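Working notes, structure below.
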Amino acid sequence: MIQLLLVDDEAKTRNGLLKHVDWEKLGIDMVQTAQSAQEALALCEEYQPDILISDIRMRKMNGLEMSSILSQKYPSCKIIIISGYADKEYLKAAIELGSISYVEKPIDLQELENALKKTVKVILEDRKSIQNSERLLQNQEFLKRETFLSLLNHQKGSELIDIYELLPQEYKQFKICVVRFCAPVLRTVQMKKTFLQSLELEQFFRAGGFVHSEFTDNRHMVLLLCGERSLISDESRIVEQLTEICQKPCDESKIFLSWGELVDAPEQISLSYHHAQTAEKAIFYKGYSNVEFFQEREEKPVVLEQDYVGRLKNFLIRGDEEAAEHEIQNLTQAFYDMHVESSAYVLSLYFELGKAIISEFGRLFLESEEKRTEKYQTSIQTIENLDTITEIEAYLISQIRELFTLAKKDRSNSFMIMKVKKFINEHYQQRDISVKQIAAELYITPTYLSSLFKRKTGNTIGEYLTTVRIEESKKLLLDPRMKTYEVALAVGYEDANYFTKIFKKNLGVTPSEYRERKGL
Numbered sequence: 001m002i003q004l005l006l007v008d009d010e011a012k013t014r015n016g017l018l019k020h021v022d023w024e025k026l027g028i029d030m031v032q033t034a035q036s037a038q039e040a041l042a043l044c045e046e047y048q049p050d051i052l053i054s055d056i057r058m059r060k061m062n063g064l065e066m067s068s069i070l071s072q073k074y075p076s077c078k079i080i081i082i083s084g085y086a087d088k089e090y091l092k093a094a095i096e097l098g099s100i101s102y103v104e105k106p107i108d109l110q111e112l113e114n115a116l117k118k119t120v121k122v123i124l125e126d127r128k129s130i131q132n133s134e135r136l137l138q139n140q141e142f143l144k145r146e147t148f149l150s151l152l153n154h155q156k157g158s159e160l161i162d163i164y165e166l167l168p169q170e171y172k173q174f175k176i177c178v179v180r181f182c183a184p185v186l187r188t189v190q191m192k193k194t195f196l197q198s199l200e201l202e203q204f205f206r207a208g209g210f211v212h213s214e215f216t217d218n219r220h221m222v223l224l225l226c227g228e229r230s231l232i233s234d235e236s237r238i239v240e241q242l243t244e245i246c247q248k249p250c251d252e253s254k255i256f257l258s259w260g261e262l263v264d265a266p267e268q269i270s271l272s273y274h275h276a277q278t279a280e281k282a283i284f285y286k287g288y289s290n291v292e293f294f295q296e297r298e299e300k301p302v303v304l305e306q307d308y309v310g311r312l313k314n315f316l317i318r319g320d321e322e323a324a325e326h327e328i329q330n331l332t333q334a335f336y337d338m339h340v341e342s343s344a345y346v347l348s349l350y351f352e353l354g355k356a357i358i359s360e361f362g363r364l365f366l367e368s369e370e371k372r373t374e375k376y377q378t379s380i381q382t383i384e385n386l387d388t389i390t391e392i393e394a395y396l397i398s399q400i401r402e403l404f405t406l407a408k409k410d411r412s413n414s415f416m417i418m419k420v421k422k423f424i425n426e427h428y429q430q431r432d433i434s435v436k437q438i439a440a441e442l443y444i445t446p447t448y449l450s451s452l453f454k455r456k457t458g459n460t461i462g463e464y465l466t467t468v469r470i471e472e473s474k475k476l477l478l479d480p481r482m483k484t485y486e487v488a489l490a491v492g493y494e495d496a497n498y499f500t501k502i503f504k505k506n507l508g509v510t511p512s513e514y515r516e517r518k519g520l
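Every letter in the sequence shown is one number past the one before it in this note's numbering, and letter 430, counting from 1, is 430.
Structure (C-alpha cells):
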C-alpha cells in the first residue's frame, strides 16, 4: 500500500490534482491533502506518507522547510517539489533534500504523472530490497543456529570443518551452560541479546572471552563459553552473574542453570553439552533458581520399605485427609533422602498414587470405568509435564483436598435431599405444594434445588411427590368406606378425575380397578 500527502495552500491546485490525476492507475492507494505545512506535519504523525507532493511557496512555513523536517523524521518518504519559481537556488535546495523530482507551475499533468511513476517504482524497489535483506538475515540466523546445534550433537567428519569456523581459533577451552526457563519464552534474536546484556559480561569479553548462545527449544537456551581455562572455570565472574540471575525470586524469569565440564577441543563441546544435560536432571529435586554442576554419579538400587500406595488407599477409604496428605509428603521425603536418579521409577510411583486418588473419586461418586480411565490419563499427563518433585507433591495433595471437599459437599447435599423427602412426606396432602415452597423452607433457590434433587435421585421433585401420593392413595383405597374423590383430596388432588388419570398412568389401572383386584 502506497500513501501520498498533497500539500498546497491553493485549494484550486489541490482539488484539480485530486480530480484529474489517476492515482489508482499510478499504484497510489490513498491520498490525503493539507493546506499548510503545519497541518501536513500534524497529519504525518498518524498518516506517515510514502510520497509528499508540496508547493514551495506557502505562508508561515515554506515547502522546503517542511520537507527538511520530514526528511529527518521519515527518511524513507519521497518528496516531489512543486513551484512557480523556477530559479536555481530552489532547485538546488530540493536536490539537497533528496527530492526525486521538481515540477514547475503551471503543472503539466503528464510531467507530474511521470514523476509519480518514477517515485512509485523507487519505493517498490526499496521495499523489495528491504524484504530480501530481512530474508537473508533470517536465513543466516537459521544456518548459524543449525550449525551450532550440529556442534552440540557432535557431527563427524567434514561437517565439523564448517562448524569450527564459528569459533575464534585462538581459544583453547570450551564450556557449555544450559539455561532452562520455568515457562516458554519467545525464541528471538532480541531475547538472546537482552539475556546476554543482563549478564554484564564486559569484563569477560575484555579478558578475551567469547560467548555464543542459541535456543534449542522455547524452554532452553544453550551458552557456549570460550576462553582461557582460568577465565571460564567454575569460579569465574560468568558463573557468578548467571547464579545471581537464576536466584532472583521472580516467577516470570526463574531459571535453572546446568553446567557441563570444561573441555579442551571443539570436538569435545558435545561432551560438555551432554554433561550439562545430565546435570539438568537435578532440577527435579532442586527446583528453579538453582545451579547444578556436572558430576559423575553411581546409580544405586531403590528399596522402599513402606507400601506408600497401599497406605494411601487405606487413608482415603477411612476418610483421613490429614494422614493421606502426610503419606504423599513422606514418599517425597523418602525420594529426597535417597536422591533416586531414576525418574521413570519415581514417576511410576506417583502415577500409582494418582490412580489411587482417582479410584476413590470413582467409588464415592459412582463414576464409570471409562470416566476413571480418562481422568487417570489426564493425571499422568499433568504429572509428566511438571518439572520438580515439589510440584508433583503439591498437585497430588491438591487432588486429595479436592476429593475431601467434594465428599463433604456430597454429604451436605445428601442431607439436603433427605430434608426435601421429609418435607414432602409430611406435607403431600397440601394441594398447592411446590418446588418454590420447599426451596424457601431450605433457604436455597428453586433452580438449584431442582437440579440437585434430579442429579442425586434421578427423579424430579414433582415425580417424587407423585410417587408419595400414589403410595398413600393405595393404602386409603383399601378402606371401602372412602370414596375415590375423598382419597384424591386426602393425598392432595382437588380434582378426582385428574387423580384417576395420574393413578392409571403410574399403576396401569384406575382406582376402581385397583380395588377390584384387591377383592374390594
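Virtual Cβ for every residue (Gly too), placed ideally from N, Cα, C.
Everything numeric in this text was worked out from a predicted model, so none of it was measured.
Between residue i and residue j, what straight-line distance do the alpha-carbon atoms span, to the nearest angstrom?
i: R180; j: K375; result: 30 Å
i: G462; j: L403; result: 32 Å
i: R297; j: H275; result: 12 Å
i: K422; j: T457; result: 14 Å
i: F174; j: F293; result: 15 Å
i: Q437; j: A490; result: 20 Å
i: T388; j: A334; result: 15 Å
i: E545; j: S379; result: Because the chain in this structure spans residues 1 to 520, residue 545 falls outside the shown range and cannot be described.
i: Q140; j: F148; result: Low local confidence applies: a pLDDT of 43 at Q140 is under 50, so the model's placement there is unreliable, with the coordinate-based value given in what follows. Their Cα atoms are separated by approximately 12 Å.
i: I107; j: N218; result: 59 Å
i: A183; j: K60; result: 57 Å
i: S348; j: A439; result: 48 Å
i: A34; j: I123; result: 22 Å
i: I161; j: S258; result: Confidence is the limiting factor: at I161 the pLDDT is only 47, short of 50, which leaves the residue's position unreliable and the question unanswerable from this model.
i: E46; j: I269; result: 52 Å
i: A344; j: R311; result: 22 Å
i: R455; j: S412; result: 14 Å
i: L449; j: V178; result: 57 Å
i: Y493; j: L406; result: 39 Å
i: Q329; j: V346; result: 14 Å
i: S368; j: F361; result: 11 Å
i: A282; j: V340; result: 11 Å
i: Q110; j: V211; result: 59 Å
i: I255; j: T216; result: 15 Å
What are the boundary residues of the alpha helix (DSSP H) that residue i is part of?
i: V468; result: I461 to L477
i: C44; result: A37 to Y47
i: T278; result: I269 to E280
i: G310; result: Y308 to R318
i: L331; result: E321 to M338
i: L449; result: P446 to T457
i: Q72; result: G63 to K73
Strictly by DSSP, which residues pair up with residue i?
i: N290; result: F256
i: E214; result: V222
i: M30; result: Q3
i: V487; result: DSSP output for V487 lists no bridge partner at all.
i: G227; result: Q173
i: V263; result: F174
Taking 8 Å as the threshold (C-beta atoms), are residue j and residue i in contact?
i: L442; j: K409; result: no
i: D50; j: L17; result: no
i: E228; j: V222; result: no
i: L316; j: I357; result: yes
i: L520; j: P480; result: yes
i: I176; j: Y288; result: no
i: L477; j: P511; result: yes
i: E352; j: I400; result: no
i: I433; j: L465; result: yes
i: M575; j: L386; result: Nothing about residue 575 can be reported from this structure: the residues present for the chain run from 1 to 520 only.
In terms of residues, what are the limits of the beta strand (DSSP E) holding residue i?
i: E104; result: S101 to E104
i: I82; result: K78 to S83
i: K175; result: Q173 to F181
i: S379; result: Element bounds for S379: not the beta strand (DSSP E) but the alpha helix (DSSP H), E369 to N385.
i: L52; result: I51 to D55
Using a Cβ-Cβ distance cut-off of 8 Å, determine whether residue i contacts chain D.
i: K501; result: Looking for chain D here will not work: only one protein chain is present.
Q. Below 8 Å, can you find three or more Cβ-Cβ pairs linking the segment 496 to 507 to the segment 451 to 471?
A. yes
Q. Quick one: any contact between the segment 23 to 30 and the segment 107 to 126, if contact means 3 or more CB pairs under 8 Å?
A. yes
(Q) Below 8 Å, how does it come out for the segment 35 to 43 and the segment 54 to 71: are there three or more Cβ pairs, yes or no? (A) Of all C-beta pairs linking the segment 35 to 43 to the segment 54 to 71, three or more are shorter than 8 Å, placing the two stretches in contact.
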